[in-house]
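Last residue of the sequence shown: 471 in the working numbering, with the numbers rising by one and none dropped.
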Amino acid sequence: AKMVALATSTLTFAASLVLFFGFDRAKGAYATGLADLLQFEVNKPWIETLNIHYHIGLDGISLLLVMLTTFITPLCIWGSFKSIKQGVKGYYLAFLILETGILGVFAAMDLVLFYVFWEAMLIPMYLLIGVWGGPNRVYAAVKFILYTMVGSLLMLVGILWLYFNAVPGEHTFDLVRIFQLGQIPVEAQAYLFGAFALAFAIKVPMFPFHTWLPDAHVEAPTAGSIILAGVLLKMGTYGFVRFCLPLFPSAAHDYAGLMMLLAVIGIIYGALVSMMQTDMKKLVAYSSVSHLGFVMLGLFAFNMQGMQGGTIQMINHGLSTGALFFLVGVIYERRHTRMIADYGGIAKIMPKYATIFMIVALSSIGLPGLNGFIGEFLVLVGAFKTSPTYAIFAASGVVFAAVYLLWMYQRVFFGEITHDANKKLTDLTTAEKVILVSILVFIVWIGVYPSTFLSISENSVAMVLTRLGG
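Following this line, the structure appears as structure tokens:
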């Protein structure tokens, strides 16, 4: 089962590389809808009577997220080989179904198909947390599913409204047609934006909908945390870019001030709570609230820099935070504790581990030359153009990020060894090194030459801005 899962997910990654290299970056310049942007499209009738289609396609933004998903999944599966002893078959099956659901969300161009994938992805994640998680796992899993379901049900109402009313004279769930022909009255936009935005904000999670996240992360198995932080949370931010902003532009403008405020609160709140944590995994979990605040701030700046920064920051967060969760998992497997106080001085014992941890921590902080910098920089530039006040407050979040990550690093890796158990720790195995170094390659690549990735999403972002009237 292990090897089948690893082979399947690796082949999926290989297939997405084909898409990556076959993607035409020039396509869809000056587009006003999805029709000109989509590539690798498949459109087959599915449930004819309701005009539901199996309609999938990728634009630049979804291509980047598909790449992130297919890259991280095999690493998660490989990283689980040692730690998962019970119910092995079910675990890897759940993982592959989860990957299918996530890829479906990013590729679906039909609202029903999107909704099916959106909900289908809940079940395997629920199982990963609830069956293979930590001691408090059932509570965390139920909380995760309840939160997400509440948002999804309102979104379903919004989807049905669009089906009946979006395109005059026909009933369609087809996103491309709704983009092209949709006429959504301004007063309806406010409600629709609210319905979709709630579902996505819970998923991101934006402050104040974030409370399921620390529970889910702490109880999930390591690989579950990586995929949750690395990819699942991006479904929320993707939803904003794909639905809320381009379909309901007047409502988006009305709500922008509130969304930017919540984003900035999330940035600062997540960072301050991270500083207070004694458990490494919780620290990384709360840092996600902070980092995704940056993504949302960029998206709602409504300019090229902000939105491009938000898009690349989604990828950055997936790589850096995924790697941080993996690193915490590595040491947890050896010592079965995640408390910062139980460590100290282990840089002497595990020099390779300490080095990689340092690079990843710096990438999460946004050190120039590593991936985090370009995303945070673009977001701050974009936010500054829209609202200097918010940008200044958001910039303080970067400082706080340095504080909580470096302070944790100092307490774990430097100083004297106070616990004898830490003297017997072993450094990274070959498998762990390969997994981490492959993530590091992209961390450095985006840091040094981000335009490889920025050029892919550029036309899609421009289309959203055109629809926002920016």
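The beta-carbon is built from N, C-alpha and C at its ideal position, and this holds for glycine as well.
Closest Cα partner of residue i within the set the options
i, options, result
"Gly-134", "Val-67, Leu-229 and Ala-167", "Leu-229"
"Val-1", "Leu-455, Ala-217, Ile-98 and Met-409", "This structure does not reach residue 1, given that the chain is present from 2 up to 471, and the question cannot be answered."
"Ala-36", "Ser-288, Asp-175, Leu-214 and Met-359", "Asp-175"
"Ile-1", "Thr-322, Gly-131 and Glu-49", "The structure shown has nothing for residue 1, since the chain only spans 2 to 471."
"His-1", "Leu-371, Val-400, Glu-42 and Val-449", "Because residue 1 is not part of the residues shown, which for the chain are 2 to 471, the question remains open."
"Val-5", "Leu-59, Ala-95 and Pro-352", "Ala-95"
"Ala-272", "Leu-263, His-318 and Ser-288", "Ser-288"
"Arg-26", "Leu-64, Thr-11 and Ser-17", "Leu-64"
"Leu-112", "Lys-86, Trp-162 and Tyr-148", "Trp-162"
"Val-449", "Ala-392, Ser-364, Val-382 and Leu-426", "Ser-364"
"Val-139", "Gly-373, Glu-220 and Phe-115", "Glu-220"
"Val-265", "Met-207, Tyr-354 and Asn-137", "Met-207"
"Val-151", "Leu-59, Trp-79 and Trp-213", "Trp-213"
"Met-156", "Ile-203, Glu-100 and Gly-105", "Ile-203"
"Pro-451", "Ile-393, Gly-34 and Ile-375", "Ile-375"
"Met-122", "Val-187, Phe-14 and Gly-237", "Gly-237"
"Lys-424", "Thr-9, Arg-336, Arg-243 and Met-281", "Arg-336"
"Arg-178", "Val-168, Glu-49 and Phe-249", "Val-168"
"Ser-10", "Leu-381, Leu-76 and Leu-284", "Leu-76"
"Leu-406", "Val-361, Gly-383 and Ser-439", "Val-361"
"Leu-18", "Phe-201, Met-68, Gly-61 and Thr-33", "Met-68"
"Ala-286", "Met-305, Phe-326 and Ile-316", "Phe-326"
"His-318", "Val-232, Thr-431, Arg-243 and Phe-194", "Val-232"
"Thr-149", "Leu-234, Ile-160 and His-420", "Leu-234"
"Thr-356", "Ile-185, Gly-34 and Leu-437", "Leu-437"
"Tyr-333", "Ala-8, Thr-427, Glu-120 and Gly-102", "Thr-427"
"Val-465", "Phe-244, Ala-141, Trp-446 and Ile-78", "Phe-244"
"Ile-146", "Ile-130, Val-158, Gly-159 and Asn-137", "Ile-130"
"Ala-32", "Leu-114, Asp-60, Thr-453 and Asp-421", "Asp-60"
"Phe-194", "Val-158, Ile-227 and Gly-170", "Val-158"
"Thr-387", "Trp-79, Gly-102, Gln-306 and Pro-186", "Gln-306"
"Tyr-354", "Trp-408, Phe-295, Met-308 and Phe-414", "Phe-414"
Inter-residue CB distance, residue i and residue j (contact presumed, cutoff 8 Å)
i, j, result
"Tyr-239", "Leu-66", "6 Å"
"Ala-463", "Ile-268", "The pair is not a contact, with the Cβ atoms about 26 Å apart (cut-off 8 Å)."
"Pro-247", "Phe-180", "7 Å"
"Gly-29", "Leu-38", "4 Å"
"Gly-88", "Val-117", "Not a contact, Cβ separation roughly 26 Å."
"Ala-392", "Leu-381", "5 Å"
"Glu-433", "Val-331", "6 Å"
"Gly-370", "Glu-377", "The pair is not a contact, with the Cβ atoms about 13 Å apart (cut-off 8 Å)."
"Leu-293", "Val-205", "5 Å"
"Leu-472", "Ile-103", "No answer is possible for residue 472: the residues shown for the chain start at 2 and end at 471."
"Ile-350", "Phe-454", "So it is not a contact: roughly 36 Å between Cβ atoms."
Cβ neighbours of residue i in the same chain (closer than 8 Å, five flanking residues each side left out)
i, result
"Thr-279", "Met-340, Ile-341 and Ala-342"
"Ser-291", "Gly-267, Ile-268, Ile-269, Tyr-270, Gly-271, Ala-272, Ser-275, Gly-398, Phe-401 and Ala-402"
"Leu-469", "Leu-246, Pro-247, Pro-250, Ala-253, His-254 and Phe-303"
"Tyr-410", "Phe-358, Met-359 and Ala-362"
"Thr-50", "none"
"Ala-16", "Thr-71"
Cβ shell of residue i (< 7 Å), same chain only, five flanking positions each side left out
i, result
"Lys-90", "Ala-2"
"His-172", "Asn-52, Tyr-164 and Phe-165"
"Phe-82", "Lys-3"
"His-54", "Asn-44, Lys-45, Pro-46, Trp-47, Asp-111 and Asp-175"
"Phe-24", "Gln-40, Leu-64 and Ile-457"
"Leu-320", "Asn-372, Ile-440, Phe-443 and Ile-444"
"Lys-283", "Pro-215 and Val-219"
Sequence-distant residues of the same chain with beta carbon closer than 6 Å to residue i, five excluded per side
i, result
"Glu-417", "Gly-346"
"Thr-13", "Thr-71"
"Phe-210", "Ala-202 and Ile-203"
"Gly-105", "Phe-118"
"Gly-223", "Looking at the sequence shown, residue 223 is not Gly but Thr. The answer, listed in chain order, is Gly-330."
"Ile-98", "Pro-125"
"Phe-241", "Phe-201 and Leu-300"
"Ile-85", "Tyr-92"
"Leu-199", "Gly-152 and Leu-155"
"Ser-226", "His-218 and Phe-326"
"Ala-324", "Val-361 and Ile-440"
"Ala-422", "none"
Worksheet item: Would you call the segment 289-301 and the segment 340-348 touching, i.e. three or more CB-CB distances under 8 Å?
Response: no
Practice prompt. Count the C-beta pairs between the segment 308-326 and the segment 454-465 that are closer than 8 Å, then say yes if the count reaches three, no if not.
Written response: yes
Discussion item. What ranges does the alpha helix (DSSP H) occupy inside the segment 272-311, keeping only unbroken runs of at least 4 residues that lie completely in it?
Written reply: 281-300
Discussion item. Contact between the segment 249-267 and the segment 111-131 is defined here as three or more beta-carbon pairs at a separation below 8 Å; is this criterion met?
Written reply: no
Item to complete: Entirely within the segment 357-425 and at least 4 residues each: give me those alpha helix (DSSP H) ranges in chain order.
Response: 372-387 and 389-414
Practice prompt. Give, in chain order, every unbroken run of the alpha helix (DSSP H) that is at least 4 residues long and sits entirely within the segment 38-124.
Written response: 61-80, 89-108 and 112-121
Worksheet item: Can you list the alpha helix (DSSP H) stretches of 4 or more residues lying completely in the segment 124-206, in chain order?
Response: 138-166, 176-182 and 187-204
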